[in-house]
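Shown next, in structure tokens, is the structure this report addresses.
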Ligand code: PAF
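Numbering (our numbering), first residue to last: 5 to 287.
Printed below as a string of structure tokens:
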């Protein structure tokens with residue numbers, strides 16, 4: 005598998021492919037790859053001749069230095085995992101911070117029409133400016149035909165779609181459904197950092213989401229919100245940071261449902277010092 009570390013090199017490769025009428029897919033990641041990432045790569049391979057997987061722990065999207073330092077960096081293992089899918093049709097772009105930021109490791113400021121101020125934006129200062137900055141740079145360098153993002157980070161997916169729309173970037177953003185462990189826990193690189201006790205308890209999050217979904221069919225939004233809150237008050241191992249029901253288009257939280265709207269429930273939970281997020285479509 006080819007691994008590129010310089011933007012000029014990967015840009016040259018993808019430009020040549022596109023000049024040959026090949027379709028290029030891109031899966032941006034921060035590494036510590038797992039089955040969830042592989043599903044994105046497999047989906048990208050179905051539509052594109054070649055897939056570029058970027059592996060870059062982006063410093064500007066972390067609001068917590070300790071989280072950035074502790075983020076797993078497992079490039080060799082990641083490459084081995086990607087090779088189980090294809091050795092010839094996947095290229096890795098694993099740049100240094102210098103290659104991306106050229107000595108100025110700061111975010112640009114974006115206007116995502118308010119999507120950035122909801123949920124994760126409230127709890128993670130500057131996070132979406134960091135995500136916007138890196139995604140825009142990666143797409144500008146690789147210039148893929150299609151870029152693939154998981155729905156686990158549903159707010160990020162909506163924000164990336166907005167980024168591409170607002171900057172008229174010539175790429176189609178493809179959202180991919182959440183890949184779960186057999187227990188129901190949404191796959192995440194952070195899961196490897198859970199203690200055994202937290203790992204055992206964490207599937208509770210999806211269990212609550214599924215019940216919240218079925219309650220949403222017959223009960224008011226307020227009743228569902230209260231019910232979820234009480235479930236976590238009674239759980240000694242998991243601490244609820246937020247649970248909310250939001251309009252899919254605006255991501256604004258609601259307390260009353262309207263008939264012609266699409267809603268999704270979003271949750272963030274601390275399992276010890278590991279922060280886990282998940283979400284589910286409600287209607
Ligand atoms: O979802 C992620 O892993 C990251 O936020 C992304 C999109 C690769 C940007 O660093």
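Glycine included, C-beta positions come from ideal geometry on N, C-alpha and C.
In the displayed model, residue 218 falls within a helix according to three-state DSSP. In the structure shown, the three-state DSSP call for residue 254 is coil. Sequence-distant partners of residue 34 (beyond 5 residues in either direction) whose C-beta falls short of 6 Å from its own C-beta, in its chain, are 61. Going by beta carbons, residue 197 and residue 76 fall inside the 9 Å limit. Around the Cβ of residue 144, a 10 Å sphere holds fewer than 16 other Cβ atoms; the residue is exposed.
Apart from the 5 residues on each side of it in sequence, residue 140 sits with its Cβ closer than 8 Å to the Cβ of 112, 167, 171, 173 in its chain, given in chain order. The straight-line gap separating the alpha-carbon atoms of residue 91 and residue 5 is approximately 5 Å.
Between residue 56 and residue 28 a beta carbon distance of about 6 Å is seen, short of the 8 Å cut, so the two are scored as contacting. Less than 9 Å separates the beta-carbon of residue 273 from that of residue 236. Residue 229 has its alpha-carbon roughly 15 Å from the corresponding atom of residue 285. If you compare the alpha carbons of 211, 43, 12 with that of residue 232, the shortest gap goes to 211.
Taking a cut-off of 8 Å on C-beta distances, the segment 123-134 does not touch the segment 72-87, as fewer than three cross pairs fall below it. With a cutoff of 8 Å, residue 123 does not count as near the ligand PAF, since its C-beta is closer than that to no heavy atom of the ligand. Here the C-alpha atom of residue 206 lies approximately 47 Å from the C-alpha atom of residue 24. No heavy atom of the ligand PAF is found nearer than 8 Å to the CB of residue 127. Residue state for residue 63 is assigned as helix, using DSSP reduced to three classes. Across the structure, residue 164 and residue 177 are spaced so that their CA atoms are roughly 8 Å apart. Residue 213 and residue 157 have their C-alpha atoms some 15 Å from each other. When distances are taken from the beta-carbon of residue 116 to the heavy atoms of the ligand PAF, even the shortest one reaches 8 Å or more. The Cβ-Cβ distance between residue 276 and residue 183 does not fall below 9 Å.
With fewer than 16 neighbouring CB atoms inside 10 Å of its own CB, residue 115 falls in the exposed class.
Here residue 33 carries a strand assignment [DSSP, helix/strand/coil].
Under the three-state reduction of DSSP, residue 195 is assigned to helix. Collapsing the DSSP output to three states places residue 75 in coil. Distance between residue 150 and residue 225, taken at the CA atoms: about 36 Å. Looking only at 16, 249, 71, the smallest Cα-Cα distance to residue 261 is reached by 249.
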